[in-house]
Amino acid sequence: MPRASVLEVSIMSNDHKLHVEFPGRILFIGFGSIGQGVLPLVLRHIGIAPERLTIVTAEDKGSEEAAKFGIKFIKERLTRENFRRVLNPLLGRGDFVINVSVEVSSIALIKLCWDKGAMYLDTCIEPWPGGYTDPTVPAGKRTNYVLREEALALRTGNARAPTAVLTHGANPGLVSHFLKQALLNLAADTKVEAGKPASRTEWSELARRLGVKVVHIAERDTQVSSTPKQLGEFVNTWSIDGFVSEGSQPSEMGWGTHERNFPRDGKRHDSGCLAAIYLTQPGAGTRVRTWTPRAGQFHGFCITHGEAISMADYYTVRDGSQVAYRPTVHYAYHPCDAAVLSVHELAGRNFVQQERQRILMDDITTGIDELGVLLAGHKKNAYWYGSQLSIGEARKLAPYNNATSLQVCAAVLAGVVWAMENPNLGVVEPDEMDFRRNLEICMPYLGPVTGEYTDWTPLHERERLFPEDIDKNDPWQFKNVRVIW
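Going letter by letter, the sequence shown gives residues 0 to 484 in numbering that gives the first Met the number 0.
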């Protein structure tokens with residue numbers, strides 16, 4: 000399918016709802032698959048003249064499209080030494096930074112934005128190069144837990160600073176809004192009075208009353224390319240640098256109060272919210288059992304993501320200084336089959352990235368990205384709620400996207416609009432945002448959004464071949480879920 004030009008996107012924008020008029024400038028930092036996919040949505044739904052947009056990126060990708068529409072395009076790799084010099088002339092009070100880059104520190108960018116009076120959004124908390132993988136840095140310091148604690152520390156004395164939205168893509172981001180809707184759906188179906196929860200305390204108490212022990216961010220990508228993966232090539236449906244980076248970090252998860260079996264290679268943190276733990280092995284080398292409606296049961300990679308920590312923290316109930324309730328939360332990701340092969344090859348190279356990269360886009364022939372939250376351990380066992388967006392639907396909905404990227408880009412758009420509508424809230428996480436407003440903006444781009452109950456548990460059809468060390472008294476123990484790879 001040929002890509003539409005940026006000029007064609009602008010013509011199409013007349014048929015779409017304008018969510019907000021924005022008088023400032025928008026600066027894109029990074030312009031890979033997500034940046035290119037977000038741009039047409041910004042042009043459709045945010046009132047801004049193209050000459051008030053600027054792109055700063057390390058590569059040439061997308062430069063021709065930017066030129067067609069008169070968007071300023073600056074090719075320069077941002078570093079600790081040059082980022083202020085490069086970005087200072089491009090930012091002022093009331094402007095907005097959309098950070099979809101890799102290896103550019105989110106914390107450094109937030110500080111710069113606040114110095115200039117600008118708003119900010121990213122899809123993950125990114126460190127400078129080496130922050131994820133430097134072997135001289137202790138494993139616990141290379142976690143998303145530590146990055147999150149550093150970002151949240153910026154709140155001190157900055158409660159009314161320009162809004163800086165952390166980690167608002169599909170996941171982290173959209174899934175936090177899915178979780179709140181799923182909790183309300185579960186409450187209605189089990190006849191538990193939910194009321195209208197608005198505060199962190201009300202939401203966490205609702206999760207406890209419902210008996211939710213576990214939240215999986217359960218995702219199965221079945222998109223297939225007409226061109227097979229080649230030897231020495233990493234293939235994926237979204238940022239390869241981003242996937243390899245997070246897959247190389249220690250596996251992390253929010254650690255629930257129902258857990259009785261601490262992992263042998265698990266480690267706790269000694270400061271901060273203490274809502275999460277990490278394993279001394281990479282997320283792309285750790286597998287977990289999960290379930291989605293279309294795929295059924297499968298093994299996913301337990302890759303660290305910000306939502307595993309922020310959700311576990313947000314839904315904690317305390318009795319004085321003691322933790323009375325907290326769910327276990329983790330990502331369970333089965334990427335497209337070509338990406339799974341790429342991860343196997345990556346692991347065989349001792350996590351030295353392949354020389355060539357390929358993002359699947361126009362060559363995708365079929366498939367969906369089934370992304371949602373699986374709430375488990377309650378009266379009805381398990382409930383999945385999320386998006387089942389197909390490649391065919393994604394192509395009809397927006398150019399420059401596949402099913403995976405559009406789920407991310409819709410959430411970026413929603414987060415940007417919400418921040419523009421709430422411009423002085425300082426550092427904000429997805430769990431703290433208005434989930435209804437965000438879902439309202441995202442829904443037109445998510446394909447079928449559905450909820451489904453299942454009687455599946457991680458003990459289903461276990462011990463068919465060999466005896467296993469499992470806890471048959473509680474199927475939702477992490478011990479029962481984890482697969483050592």
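Where is the CB? At the ideal position from N, CA and C, for every residue including glycine.
If we ignore side chains and look at the alpha-carbon of each, how far apart do residue i and residue j end up?
i: Val287; j: Thr155; result: 37 Å
i: Ser9; j: Arg43; result: With a pLDDT of 45 at Ser9, under the threshold of 50, the predicted position of this residue should be treated as unreliable, and no value is reported.
i: Tyr444; j: Thr135; result: 42 Å
i: Met360; j: Lys60; result: 14 Å
i: Pro429; j: Pro171; result: 8 Å
i: Ala393; j: Ala413; result: 17 Å
i: Gly127; j: Arg79; result: Here residue 127 turns out to be Trp, not Gly, going by the sequence shown. One C-alpha to the other measures close to 8 Å.
i: Gly231; j: Val351; result: 11 Å
i: Ala150; j: Ala160; result: 14 Å
i: Asp133; j: Gln280; result: 14 Å
i: Asn401; j: Val339; result: 18 Å
i: Ile25; j: Gln353; result: 34 Å
i: Gly210; j: Asp470; result: 19 Å
i: Pro39; j: Leu370; result: 22 Å
i: Gln476; j: Val316; result: 19 Å
i: Val448; j: Ser244; result: 29 Å
i: Pro398; j: Met432; result: 28 Å
i: Met11; j: Phe68; result: For Met11, the pLDDT reaches just 45, beneath the cut-off of 50, and the residue's location in the model is therefore unreliable, although a value from the coordinates is still provided. Distance between the alpha carbons of Met11 and Phe68: 14 Å.
i: Val103; j: Tyr452; result: 41 Å
i: Pro22; j: Ala48; result: 9 Å
i: Tyr119; j: Thr162; result: 6 Å
i: Glu58; j: Cys408; result: 20 Å
i: Pro499; j: Leu278; result: Since the displayed the chain opens at 0 and closes at 484, residue 499 lies outside it and no answer follows.
i: Phe434; j: Leu464; result: 44 Å
i: Gly265; j: Ile276; result: 7 Å
i: Trp254; j: Ser62; result: 44 Å
Give the C-beta separation of residue i and residue j to the nearest angstrom, bearing in mind that I take them to be a contact with Cβ-Cβ under 8 Å.
i: Gln222; j: Gly366; result: 3 Å
i: His18; j: Ile45; result: 7 Å
i: Leu205; j: Gln406; result: The pair is not a contact, with the Cβ atoms about 26 Å apart (cut-off 8 Å).
i: Val85; j: Phe27; result: About 13 Å; that fails the 8 Å criterion.
i: Lys212; j: His257; result: 5 Å
i: Ile97; j: Ser238; result: In fact, because the Cβ distance is near 14 Å, the residues do not count as touching under 8 Å.
i: Lys71; j: Thr56; result: Between Thr56 and Lys71 the Cβ distance is about 12 Å, and since that is not below 8 Å, they are no contact.
i: Phe233; j: Gln356; result: 5 Å
Quick check on residue i: does DSSP put it in helix, strand or coil?
i: Gly255; result: coil
i: Asp114; result: helix
i: Val41; result: helix
i: Val448; result: strand
i: Trp383; result: strand
i: Arg51; result: helix
i: His176; result: helix
i: Val211; result: coil
i: Thr166; result: coil
i: Ser250; result: strand
i: Phe523; result: No answer is possible for residue 523: it lies beyond the span of the chain, which begins at 0 and ends at 484.
i: Asn260; result: coil
i: Ala275; result: strand
i: Pro161; result: coil
i: Lys266; result: strand
i: Pro503; result: Here the chain covers residues 0 to 484 and nothing more, so residue 503 does not appear.
i: Asn184; result: helix
i: Asn472; result: coil
i: Ser198; result: coil
Quiz prompt | Segment contact, 8 Å Cβ cut-off, at least three pairs: the stretch 213-221 with the stretch 105-119 | solution = no
Quiz item: Using 8 Å as the Cβ pair cut-off and three pairs as the minimum, do the stretch 290-301 and the stretch 316-333 touch?
Solution: yes
Quiz item: Okay, do the stretch 267-279 and the stretch 108-128 touch, 3+ Cβ pairs below 8 Å being the bar?
Solution: no
Self-check item: Segment contact, 8 Å Cβ cut-off, at least three pairs: the stretch 369-385 with the stretch 420-429
Solution: no
Quiz item: Pairing CB atoms from the stretch 340-347 with CB atoms from the stretch 307-324, are three or more of them under 8 Å?
Solution: no
Exercise. Identify every run of the alpha helix (DSSP H) within the stretch 70-117, keeping only runs that are complete inside it and at least 4 residues long; order them along the chain.
Key: 82-86 and 105-115
Self-check item: In chain order, each beta strand (DSSP E) run of at least 3 residues that lies wholly inside the stretch 295-349
Solution: 295-300, 316-318, 321-324 and 327-333
Quiz item: Where are the alpha helix (DSSP H) runs, 4 residues long or more, that stay fully inside the stretch 374-429, in chain order?
Solution: 390-396 and 402-420
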